[in-house]
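Here the structure is laid out as structure tokens; the discussion comes afterwards.
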Amino acid sequence: METLQQKLEDFKREVLKLAEDFNKIPINTERLRLAKQFFDEGNYQAARDILNATEITQDQTALLAKQQRLQTEQTEVTTQLENNATEFLYKARLTAIDYSLLDRIAQTSYFFESALKSAKTPKNIFAYAVFLQANNQFSVAEAQYKEILEICRQLVKDGSAVYWPNIAMTLNNLGNLVAADSSRRREAEILHREALRIRRQLAQDSSAVYLPDVAMTLNNLGSLIAADSSSSEAESLYKEALEIYGQLEKGNSIVYLSDVAMTLNNLGNLVINDSSRRSEAEILYREALRIRRQVAQDNSVYLPDVAMTLNNLGNLVSDDNSRHNEAESLYQEALEIYRQLANNNPAVYLSYVATTFKNLGILVAGDSGRHKKAESLFQEALEIYKQLAKDTPAVYLPYVAGILNNLGGLVSLHSSRRSEAESLFHEALKIRRQLVKDSPAVYLPYLAEILHNLGSLVLQDSSRRNETESLYQEALAIRRQLAQDNPAVSLPAVANTLFAFGWAYLNWQDPQTALVYLQESAALLEPFAKQAPTVFGDKYAHILELIEQAKPH
């Protein structure tokens, strides 16, 4: 009796559950509609019978066959879409090299985006991002790189370890992109360090494949932290990259020669900041230039690298007053290359044209008979940088400030134009104060420079002594602070502001105070004058002359 009662209770429970479920499910077939109708009427046998197993099986067989056909068709369509994407991809790449198109970037972007509609793969997105970055379309490129990272990190999480190299490459490129914005250098460093960690790990298992990538990221990270005065670590990174490229070069000299030259150039950029190592920097630049000229003979794609090293070598040589003609020849050759490149691809190379104009302007300004020429060069550079800064202020505003400073220094040499010079200096000062807020490690030296220059201008007006002292004091405080961390680079700048202060006090008829500043300036500059007499010798001799003037007689 209890068993029958239990079965009845179970039956009631199942009927209630079935009724509840019938009310939840979508009734999308005639059989289900009738089954529910019979069930609601209490005719459970009729409900069972209407769901005929033979008929349901026949429908199942037909549906599975249709599914198979659709899956096959879907696979075919996917393959066709991938082929379509490849066609768009190569259409984009071919359009990218047609520099006669006025809307080359827009057209190329359209074809890349069309490719992504057909097949949005990490590989296709990456190709688009690289194009955008190469053509200074930074914000769109960053969005593409971040999408790749999101896709690939998820794939790795799902077990596809094959995507680790994609993650590393994307981190590396994104790091380079972000580093262009001085306020995001810490973010760039994190990206490069993660890329380096992944690539070192990959190289442990397959060194022949991944060691070149390790060297690439060592170079990028070195360039990034060198700009933030981490010179010893940067030098170690460059030397490790150079060692790797040296090993790789033995097996395939042609492929890795350009990478060796790049690392030599970067190492030269680092070493040049130490005045005691300028001859070493010149050796590095000349070796890089020799290799780059050799490589560019066979492939003109390396011409921008030749121009880059010509500019760097010109900067070094220009510091020696006896070698200005040599420096000018180097700059002129670089300018010729960059102008040619900018004619075909202004989006990429106009900024390099501007930089070379600036370098030439600084050099020419040293000749009092060529001030008009120097001003023309600075104005051309300023026009380009202001144009570029409209679209990418984070990248190009620092360059605008630099040219304003150069132009102000030149104009200030003409007494009738001092108010114009002061306006230029103040505009540069405003930009640099803002830059220091975002990235003090990078821009404090430049802030000190403009404060020093503005102080030297204001000094010409004897009624503005307090203002002059304030500007020099701020410049001196910054330079002393910087010299604590990097004396080889910053002590000559400290000596220069001390010299300016001493000169000012002589003009204010206070030789006793002047003597204090001049003697400290001479003491700081003496070792540099001995190490690099062609660079610091004239300034040191002038300071000694002023010391004699300031001494009581």
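Counting from 1 along the sequence shown, just add 353 to a position and that's the residue number in the working numbering. Beta carbons are placed, not taken as given, at the ideal position from N, Cα and C, and that holds for glycine.
Inter-residue spacing [alpha-carbon to alpha-carbon] between residue i and residue j
| i | j | result |
| --- | --- | --- |
| T662 | L899 | 39 Å |
| F854 | E822 | 8 Å |
| N652 | S560 | 28 Å |
| A445 | A494 | 15 Å |
| K499 | L455 | 29 Å |
| L530 | L485 | 10 Å |
| L800 | Q837 | 17 Å |
| R817 | E728 | 27 Å |
| Y893 | Q884 | 12 Å |
| F441 | E435 | 10 Å |
| Q740 | Q427 | 49 Å |
| L669 | E681 | 11 Å |
| N759 | Y609 | 38 Å |
| K725 | V748 | 29 Å |
| T414 | N376 | 28 Å |
| Q421 | T410 | 17 Å |
| S453 | A700 | 13 Å |
| L835 | A846 | 10 Å |
| N572 | A438 | 34 Å |
| D626 | L844 | Before going further, note that residue 626 is Asn rather than Asp in the sequence given. Computed Cα separation, rounded: 11 Å. |
| T708 | L574 | 23 Å |
| E736 | Y702 | 14 Å |
| L782 | E775 | 10 Å |
| Q554 | G890 | 50 Å |
| N664 | G714 | 13 Å |
| A584 | L623 | The sequence shown places Ser at residue 584, not Ala. Roughly 7 Å separates the two Cα atoms. |
| Q647 | S611 | 9 Å |
| L595 | A754 | 34 Å |
| A533 | L642 | 25 Å |
| T425 | T431 | 10 Å |
| E593 | P798 | 29 Å |
| R457 | I478 | 19 Å |
| I380 | D363 | 26 Å |
Limits of the alpha helix (DSSP H) - the one that residue i falls within
| i | result |
| --- | --- |
| G855 | 840-860 |
| D744 | 724-744 |
| Y463 | 457-471 |
| Q884 | 864-884 |
| S560 | 560-579 |
| K904 | Unbroken run through K904: none, as it is neither H nor E. |
| A480 | 475-487 |
Candidates the options, of which the one nearest residue i by Cα
| i | options | result |
| --- | --- | --- |
| C505 | E440, K476, A482 | K476 |
| I551 | E540, Y825, D672, Y563 | Y563 |
| L502 | A487, P518, N488 | P518 |
| E640 | A649, G621, H779, E736 | G621 |
| A579 | E879, W856, A794, P905 | A794 |
| S632 | L703, Q460, W856, D672 | D672 |
| E780 | A468, R770, L750, V368 | L750 |
| R539 | Y870, W856, Y796, S792 | S792 |
| Y858 | A867, T850, F852, L851 | A867 |
| F778 | L788, L807, L766, P798 | L807 |
| L369 | T382, Y397, R384, D566 | Y397 |
| N525 | Q424, A568, V515 | A568 |
| L577 | H545, Y598, D558, D566 | H545 |
| L469 | A482, L357, L871 | A482 |
| N698 | D402, D363, N488, Y443 | N488 |
| Y825 | P840, A841, I803, G761 | I803 |
| G722 | L683, P864, L788, H767 | H767 |
| F852 | Y870, V430, Q813 | Y870 |
| L829 | H805, L763, F881 | H805 |
The ligand ADP heavy atom lying under 6 Å from the CB of residue i
| i | result |
| --- | --- |
| L851 | The ligand ADP is not part of this structure, which contains no ligands at all. |
query: Where in the stretch 392-427 do unbroken runs of the alpha helix (DSSP H), each at least 4 residues long, occur, reported from the N-terminal end onward?
result: 397-403
query: Of all the beta strand (DSSP E) runs that stay within the bounds of the stretch 647-711, which reach a length of 3 or more residues?
result: Fully enclosed beta strand (DSSP E) runs of 3 or longer: not present.
message: Extract the residue ranges of the alpha helix (DSSP H) inside the stretch 742-801, only unbroken runs of 4 or more that lie entirely within it.
response: 746-764, 771-791
- prompt: Where are the beta strand (DSSP E) runs, 3 residues long or more, that stay fully inside the stretch 491-530, in chain order?
  reply: none
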